[in-house]
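Here is the structure we will look at, set down as structure tokens.
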Amino acid sequence: MTAADVTSEDAEGFNAEGFGAEGLATAEQWRDWLSTHRLPALELTEPTRMLVVSAHPDDEVLGAGGLIAERIAAGGGVTVLCLSDGAASHPGSPTVSPADLARIRRAELEASLAEVGVEHVRHVGLPDGELADHAAEMEEAVAEAMETFGGHDLVLAPWRGDRHPDHEAAGRAAVAAAQRTGSVFAEYPVWMWHWAAPGDPAVPWERASAHPLSEGAHAAKMRAVAAFVSQITDLSPDPADRAVLPPRILDRLTGRTEVFFT
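According to our numbering, the sequence shown holds residues 199 to 460 in order.
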């Protein structure tokens, strides 16, 4: 299966293996390319209040965990809105049921966000792998979060071109809600780091902005990522329980520069 072949029917249990086990570029190749191709800096107000939308528990930290940590340290406020329950990460697991996974991943998200200082988290609980079927609900959830917590300078959401059906659906809903309210938005990639190559023409680099992370923000992001034990370690020796984010994949997602599309 290639990246272009991934559809909503494949979303349940989706992982990077669907794009090829090794990916197109190493973490080191991405770091080298980002250091030599100077993307414009992400423009932020001080202090920035952000609403960060995620499709699954962990997307927000993988895509923007360093930025979240920095904004909170600078006095900004961050609200996280997680749209799915995360229950479909290990279909066929002999160890953990989908209901158990949903509970585990909710607790992991709470622990992860505590590492970067997030105090406001809302779990929508839509079915993992089926977000494209809940567009109106997602858009209303984003709009409601914007109204409830108020005053957001920036809305972050998964990139609409990330080639994961849930990520793309979440991004479309968040952008629609942001446009309704006139809010500024930016999109963060997650799986792009696996299926794309540096300079890939399928990526809209003309819309890309870079945000280099301070040492402290990167360390906070790594602590936050470590809280997602169910995703970064094998649940058991059974093949259905393999880590969704083994080290070779996680390395691409945890570099010292976060990228956003505006």
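Heads up, the beta-carbon is just placed ideally off N, CA and C, and yes, glycines get one too.
With a CB to CB cut of under 6 Å and the five nearest residues on each side skipped, what residues in its chain are close to Val322? One-based indexing of the sequence shown puts residue 322 at position 124. So the list reads Leu281, Ala339, once near-sequence residues are dropped.
Sufficient close CB pairs (3 or more, under 8 Å) joining the stretch 369 to 388 to the stretch 352 to 359: Enough Cβ pairs lie closer than 8 Å, so yes.
At what residues does the alpha helix (DSSP H) containing Gly323 begin and finish? Residue mapping note: residue 323 aligns to position 125 of the sequence shown, counting from 1. Not the alpha helix (DSSP H): Gly323 falls in the beta strand (DSSP E), residues 318 to 324.
Can you list, in chain order, the residues of its chain with a C-beta nearer than 8 Å to that of Gly211? Leave out the 5 residues immediately preceding and following it. The count along the sequence shown starts at 1 and reaches residue 211 at position 13. Bear in mind that a pLDDT of 47 at Gly211, under 50, signals an unreliable position, so the number given afterwards is only what the model happens to contain. Excluding positions up to five away in sequence, the list reads Ala286, Ser287, His288, Pro289, Gly290, Gly327.
For Leu237, three-class secondary structure by DSSP: Within the sequence shown, the letter at position 39 stands for residue 237. Leu237: coil per DSSP, three-state reduction.
Considering only the alpha carbon of each residue, which of Arg454, Val442, Pro437, His416 lies closest to Ala271? As a first step, residue 271 is located in the sequence shown; it is residue number 73 there, counting from the start. Closest option to Ala271, Cα to Cα, is His416.
Count the other CB atoms, across all protein chains shown, that sit within 10 Å of the CB of Thr277; report buried if there are 16 or more and exposed otherwise. Within the sequence shown, residue 277 is the residue found at index 79, counting from 1. Burial call: buried.
Assign His392 to one of three DSSP states: helix, strand, or coil. To locate residue 392, count along the sequence shown from 1; it is residue 194. Helix.
Rounded C-alpha distance that separates Trp357 from Ala262: For the purposes of this step, residue 357 is taken as the residue at position 159 of the sequence shown. For the purposes of this step, residue 262 is taken as the residue at position 64 of the sequence shown. Distance between the alpha carbons of Trp357 and Ala262: 12 Å.
Hey, how far is the Cα of Asp256 from the Cα of Arg236? Residue mapping note: residue 256 aligns to position 58 of the sequence shown, counting from 1. Residue mapping note: residue 236 aligns to position 38 of the sequence shown, counting from 1. Between Asp256 and Arg236, the C-alpha separation is close to 27 Å.
Quick one: which unbroken alpha helix (DSSP H) runs of 4-plus residues sit fully inside the stretch 411 to 446? Chain order, please. 413 to 424, 427 to 430
Pairwise C-alpha distance: Leu433 and Gly274: Here residue 274 is taken as the residue at index 76 of the sequence shown, counted from 1. Here residue 433 is taken as the residue at index 235 of the sequence shown, counted from 1. Rounded to the nearest angstrom, the two C-alpha atoms are 36 Å apart.
Tell me, to the nearest whole angstrom, how far the beta carbon of Leu279 is from that of Ala343; I am working on the premise that it is less than 8 Å. To locate residue 279, count along the sequence shown from 1; it is residue 81. To locate residue 343, count along the sequence shown from 1; it is residue 145. Between Ala343 and Leu279 the Cβ distance is about 5 Å, and since that is below 8 Å, they are a contact.
Looking at the structure shown, is Ser291 part of a helix, part of a strand, or coil, going by DSSP? Counting from one through the sequence shown, the residue named residue 291 turns up at place 93. Residue state, collapsed to three classes: coil.
Tell me the DSSP secondary structure of Glu244 in three-state form. As a working note, residue 244 is residue 46 in the sequence shown. Coil.
Using only the heavy atoms of the ligand FMN, determine whether one of them is closer than 8 Å to the beta carbon of Met420. You won't find the ligand FMN in this model; it holds no ligand whatsoever.
Tell me whether Ser352 sits in a helix, a strand or coil according to DSSP, three-state version. Walking along the sequence shown from the start, residue 352 turns up at place 154. According to the sequence displayed, residue 352 carries Leu and not Ser. In the structure shown, Leu352 sits in a strand (DSSP, three-state: E or B).
Find the nearest neighbour of Val319 within the set Ala330, Pro325, Glu306, Leu329, judged by alpha-carbon distance. As a first step, residue 319 must be located in the sequence shown, where it is residue number 121. Nearest option by C-alpha distance: Glu306.
How would you write the range of the alpha helix (DSSP H) that Ala371 sits in, first residue to last? As a first step, residue 371 is located in the sequence shown; it is residue number 173 there, counting from the start. Here the alpha helix (DSSP H) through Ala371 covers 363 to 379.
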